[in-house]
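**Q** Pasting a structure below so you can have a look.
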Amino acid sequence: MSLWLLILIPILAAPFAWIAQQQSRSAPRWITLGALSVDGLLALLLGTGDHAVQASGHEAWLVESRLNWIPHWGISLHLGLDGLSLILIVLTAVVGVVATMASWTEIQSRVGLFHCNVLLALGGVIGVFLAIDLFLFFFFWELMLVPMYLLIVIWGHAQRRQASFKFFLFTQAGSLVLLVAIVALALLHQQATGHPSFDYADLMELTLSPEMARWLMLAFLIGFLVKLPAFPFHTWLPDTYTEAPTGATIILAGILAKTGAYGLLRFTIPMFPEAMHEVTPIAMGLGVAGILYAAVLACAQTDIKRLVAYSSISHMGFILLGAFAGTELALQGVVMQMVAHGLSTGGLFLLAGALEERYQTREMGHMGGLWAVTPRLATMALFFACASLGLPGMANFIGEFLILFGSYATQPIMIILASLGMVMTAIYSLGMMQRTFFGRQQDTRSVQDLSNVAFGTVLLIAVLQIWLGLYPKVVLSTAQPVMNQLIQAAAPSPTMPHPPSESLLSSHLTTSQGSTP
Amino acid sequence: MILQDFIALSPILTLGAFALVTMLAIAFQRHHARIATFAFLSCLFTLVTLPWAATAAPRTVTTLLVVDRHALLYMGLILTATMVIIALSYRYLMVQFREEEGVEEYYLLLLLASFGGLVLTTAAHFVSFFLGFELLGLSLCSLIGYLRTRRHPLEAAVKYLLLSITASALLLFGLALLYFESGAMTFQEVGAILKQAHSVSALWLGGLVLVLVGIALKLGLAPFHMWIPDVYQGAPTPITIYIATVSKAALVALLLRFATEVGVLELPAVAHLFSLLAVVSMVTGNVLALLQQNVKRLLAYSSIAHFGYVLVALLAGGPPAAEAVTFYVFVYCAMSLGAFGVVTVYSSERSDKNRVEDYQGLFWTRPWLAAMLALSLLSLAGIPVTAGFIGKFYAIAAGVDAGLWWLVLALIANSVISLYYYLRLIVTLFGEVAAPATLPEAQTVQRPAFISWTTVCSLGFVASIILALGVYPEPLIELIRQSVSNLFMVAVQKP
């Protein structure tokens, strides 16, 4: 039941945030902050239980809750929390707090409704991270879309209509393909055992014909890659991220993108191991293509939000790369990268939004020389630009390094190409700094520096970045059992689907884990 | 024995009797509120007889009617929808009609149309089929033209009349051909003879196709959809709801029984024809809906597409298909009641303005109404927490189960297209409030702008149904399973 609390706290707080508008403008904001903090703390509390419970196999949920929902179709309200979901839920709470802080001054109209939507969207996201019944997963997967859409449509910038349409249509198309695959899986389970089931554990045990597995894997992949977004499916992202209000952009980039990665890790890889191996080169190729293509485009942007948006696509390429590399190191890197990217883009979008609020433009050509005018903003921007380009000592570095290091053995050429992406990142990140904060000042209006609230928020993220950069073990050891399990499930050995935890493979992996920086 | 027959028939008898009493009451004294209440109570009482009739079901009463759980389930839908429509109509007529014009017969016609619907759900014989079909069609025709001093309703009524005549002609010709080939008039006998036939002759096929086309005309499947947008737009909005919900639900009930007992869809030629109809309906409905500037027309085109989805489920064949179809029809009725219900309430205040721009910024001026419309639209688009999602899920599951991959893919592609126009409308609801240029005009009309409690109750009821089915569909699924097993049991029982 405690897992339901995680989902219900934000969802039930949502109407209160709306009503609280009548009291004062800041009441909804405080309610949102309160609900998210309680949620994050509760998740930590649940997660720090007895870690020894985590053995291999599906008994690995730290906390599990199951209720009947639609027994005719084998659908249950089945939630499970493990290391991976724990990390992502805490990230959700943190990014949610950042988004609320970022909207503190930007959102002045319909404050209550805004925060109501933020809470509903985050509640949906937390549901996605917890659901281990595929129907329930899909339910939450779709649930987070509508409030997100409203956030863009009501509070977005000039082109919000078009951007919101693009966002909704793309993600919905992907989701429907995913839905068909989920239904097909449940019906295959019915053919095999006589009753349909949407349960994760049941479906994992299903043996599929190679061709069926290939098609289903493809459908899952499309659904998740659109959300990630990976290279050919990314076209909705720049428009959406640019037109959405800052708070919504932070949520989109910080968490919603992670649901795609989470889907890859949780469902696609363990369910269709053989089919995954077949498409590994293609998927990793897409990852590399995404990294390079988006990086090149980012170099060419003059709009600061678009630049950050493209850099976000580029970083997501690393996640795709790592997810398909199939080594524990790379998978650990993926988890680290998810967290790091959530924090760094959160910070960057917050700062970009702050600039836009001050100058009513996102064109970097109109800025320049702001270092003297807004020292706090400039310093923090420099910090996050460095974080984003992978400066050692920051969380992003750990993520990207682990991914590259872990995948090198399988795909050396791709990794070399991907490393080029890191160089490009340095070029556009520093270019952004140069054009915005250094050089001659274009706009001589006097503007306020970052407010205390915003400054405190970015400082908080910066501290988290450094902390995780120096002490990544927190994230890595939490995710490790899950990743172990993933490797075992993905191992192409149908003869022994669940080898005992003390197999050769895992003992090898534990040693390699020890040598992680 | 004979008592059992009466018990089984009690819903039809009750509604018929109440319709007669309503007619007499109107002759005795005209009083709008009283007659409306009476009509509402008639449906309510008839609804109460359903569980009683269920004790006698399944039962074949004479050769004409079969009262089984399938029929009773659809009766429940028809009666509930009629009740909501009566509740919505009351205020609409108050605003649209002057006192001396006489609005009371409207309710009588509604009851008669629903009576026809009840007959259709039980029909197991060509004669009862045709009688129900005509009773429903004729009553609707006069209802559409009920606002007889306006131009659009009259135009719509004439269109509907022509359509009805065409449909009846095709249907009768088809039934005649089937009778010629089989010498039987009950669905079961025709089905049995069709099964024994070694090869299906051209006359068989012709008869079946003509009957199905007659039904398709009334359901508004493309390419037989030409009348739908005009009639939906022209008819008084409560009657538009009636056409979209009750009339179509009754026909689907009949189509399911006909298809199951005659085994039409097992013929490859007919199955191909229906696949084609499904795809054409989905594509035509959705693509044309993209171009609409009028909310009623938009919803009309979307209804064409939705019955395309129903056909996809129907084509899957067997009990899962019947379950999916029934569930989808229930859900579709709820969504239509919600969407058109809002149009009814809103347009009666603003003298039937249905353009999309009229809804600009509705959320900021009338939040509850806009929220209701948004909920219905999201449900029509198939977004979770709403009933539409479960309906679409059911349809996709039936399609996938039967391996109809292409049709399922078409359904998905169309769902995405349909999102575009639903979203456009939802965006409008949340847009900036329209320029004040229209406001003085609205004030000069001086219509009573109150929301009556009947409206609130009926829309609230529909909203709760949409949400309840979206979150916890289990009870309805259970009911539908029973009804479908009944439908198929009867089909198997008497070969």
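Going line by line, the protein sequences match chains C and F.
Position 450 of the first sequence, counting from 1, maps to 450 under my numbering, and the rest follow consecutively.
Position 126 of the second sequence, counting from 1, maps to 1126 under my numbering, and the rest follow consecutively.
The C-beta atom is built at its ideal place from N, Cα and C for all residues, glycine as well.
Could you tell me whether the Cβ of N1466(F) comes closer than 8 Å to any Cβ of chain C?
**A** The residue asked about is misnamed: residue 1466(F) is Ile in this sequence, not Asn. I1466(F) does not count as touching chain C.
**Q** Just to confirm the assignment, what range does the beta strand (DSSP E) spanning W69(C) have?
**A** Start and end: 63-70.
**Q** Would you mind telling me which residues of chain C sit closer than 8 Å to E1474(F), beta carbon to beta carbon, in chain order?
**A** Ordered by position in chain C, the residues that pass the 8 Å Cβ test against E1474(F) are W69, I70, P71, H72.
**Q** Report all residues from its chain with a CB closer than 6 Å to the CB of G369(C); omit the five preceding and five following residues, and keep chain order.
**A** G439, R440, Q441.
**Q** What is the DSSP secondary structure of D1230(F), reduced to helix, strand or coil?
**A** Helix.
**Q** Grab me the residues of E1478(F)'s own chain with a C-beta within less than 6 Å of its C-beta, minus the 5 sequence neighbours each way, in chain order.
**A** Taken in chain order, the list of residues that qualify is empty.
**Q** With 16 other CB atoms within 10 Å as the buried threshold, where does P191(C) fall?
**A** It should be noted that the sequence gives Gln, not Pro, for residue 191(C). So Q191(C) counts as exposed.
**Q** Listing by chain order, which chain C residues have their CB less than 8 Å from the CB of Y1420(F)?
**A** Per Cβ cutoff of 8 Å: F165, L169.
**Q** If you measure from the beta carbon of Q172(C) to each beta carbon in chain F, is any gap under 8 Å?
**A** Taking Cβ atoms only, chain F reaches closer than 8 Å to Q172(C), which makes this a yes.
**Q** Hey, out of W1453(F), V1103(F), M1282(F), whose CA is closest to L1221(F)'s CA?
**A** The candidate whose alpha carbon is nearest that of L1221(F) is M1282(F).
**Q** Would you verify that the beta carbon of V1283(F) is, or is not, closer than 8 Å to some beta carbon of chain C?
**A** No, its Cβ sits nowhere closer than 8 Å to a Cβ of chain C.
**Q** In this structure, does DSSP put N396(C) in helix, strand or coil?
**A** Here N396(C) sits in helix by DSSP.
**Q** At 7 Å on the CB atoms, spell out the chain C contacts of P1384(F), in chain order.
**A** Result: F139, E142, L143.
**Q** At the 8 Å Cβ level, is V1400(F) part of the contact set with chain C, yes or no?
**A** Closer than 8 Å to some Cβ of chain C, the Cβ of V1400(F) qualifies, so yes.
**Q** If we count the other Cβ atoms within 10 Å of its Cβ and call it buried at 16 or more, is G1403(F) buried or exposed?
**A** Under this definition G1403(F) is an exposed residue.
**Q** What residue range does the beta strand (DSSP E) around T1060(F) cover?
**A** Taken as a continuous stretch (DSSP letters only), the beta strand (DSSP E) holding T1060(F) covers 1059-1061.
**Q** As an exercise, report each continuous alpha helix (DSSP H) stretch of at least 4 residues that is fully enclosed by the region 1152-1226 of chain F, in chain order.
**A** Here the runs fully enclosed are 1187-1196, 1202-1219.
**Q** Report the rounded CA-to-CA distance for F456(C) versus A378(C), giving the unit in angstroms.
**A** Correcting the residue identity first, residue 456(C) is Gly in this sequence and not Phe. Taking the straight line joining both Cα atoms gives about 14 Å.
**Q** In whole angstroms, give me the CA-to-CA distance for L1205(F) and A1184(F).
**A** About 16 Å.
**Q** Can you list the alpha helix (DSSP H) stretches of 4 or more residues lying completely in the region 1050-1120 of chain F, in chain order?
**A** Here the runs fully enclosed are 1069-1096.
**Q** Would a C-beta distance cut-off of 8 Å place L1135(F) and G1116(F) closer than the cut-off?
**A** Going by C-beta atoms, L1135(F) is nearer than 8 Å to G1116(F).
**Q** Can you give me the C-alpha to C-alpha distance between F1126(F) and L1175(F), rounded to a whole angstrom?
**A** Approximately 7 Å, taken between the alpha carbons.
**Q** Is the region 1282-1300 of chain F touching the region 1228-1242 of chain F in the sense that three or more CB pairs, one from each, lie closer than 8 Å?
**A** Counting Cβ pairs under 8 Å, three or more are found: they touch.
**Q** Indicate whether at least one CB of chain C lies closer than 8 Å to the CB of V1289(F).
**A** The sequence as given places Ala at residue 1289(F); Val does not occur at that position. So no, A1289(F) is outside the interface.
**Q** In angstroms, rounded to a whole number, what distance separates the CA positions of P494(C) and D202(C)?
**A** With a pLDDT of only 48 at P494(C), under 50, the local geometry of the prediction cannot be trusted, and no value is derived from it.
**Q** Just verifying my parser: in three-state terms, what is the DSSP assignment at L203(C)?
**A** It is helical.
**Q** Which word fits A1197(F), buried or exposed, when buried means at least 16 other C-beta atoms lie within 10 angstroms of its C-beta?
**A** A1197(F) should be labelled exposed.
**Q** Using a Cβ distance threshold of 8 Å, determine whether the region 261-269 of chain C contacts the region 314-326 of chain C, with at least three qualifying pairs required.
**A** Touching, yes, given that three or more Cβ pairs across the two stretches are closer than 8 Å.
**Q** Establish whether the CB of A1397(F) and some CB of chain C are separated by less than 8 Å.
**A** By this cut-off, A1397(F) is an interface position.
**Q** Between V125(C) and chain F, is any beta-carbon pair separated by less than 8 Å?
**A** By this cut-off, V125(C) is not an interface position.
**Q** Ends of the beta strand (DSSP E) at L75(C)?
**A** In the sequence under discussion, the amino acid at residue 75(C) is Ile, which differs from the Leu named in the question. First-last of the beta strand (DSSP E) with I75(C): 75-81.
**Q** Here's the rule: buried if 16 or more other CB atoms are within 10 angstroms of the residue's CB, otherwise exposed. What is M1372(F)?
**A** Classification for M1372(F): buried.
**Q** So what does DSSP say about H1125(F), is it helix, strand or coil?
**A** DSSP places H1125(F) in strand when its eight states are reduced to three.
**Q** What is the rounded straight-line gap between the Cα of V1231(F) and the Cα of L122(C)?
**A** One C-alpha to the other measures close to 44 Å.
**Q** Does the beta carbon of I154(C) come closer than 8 Å to any beta carbon on chain D?
**A** No chain D is part of this structure, whose protein chains are labelled C and F.
**Q** Can you name, in chain order, every residue of its own chain whose Cβ lies under 7 Å from the Cβ of V1190(F), other than the five neighbours on each side?
**A** L1178, S1182, A1184, V1262.
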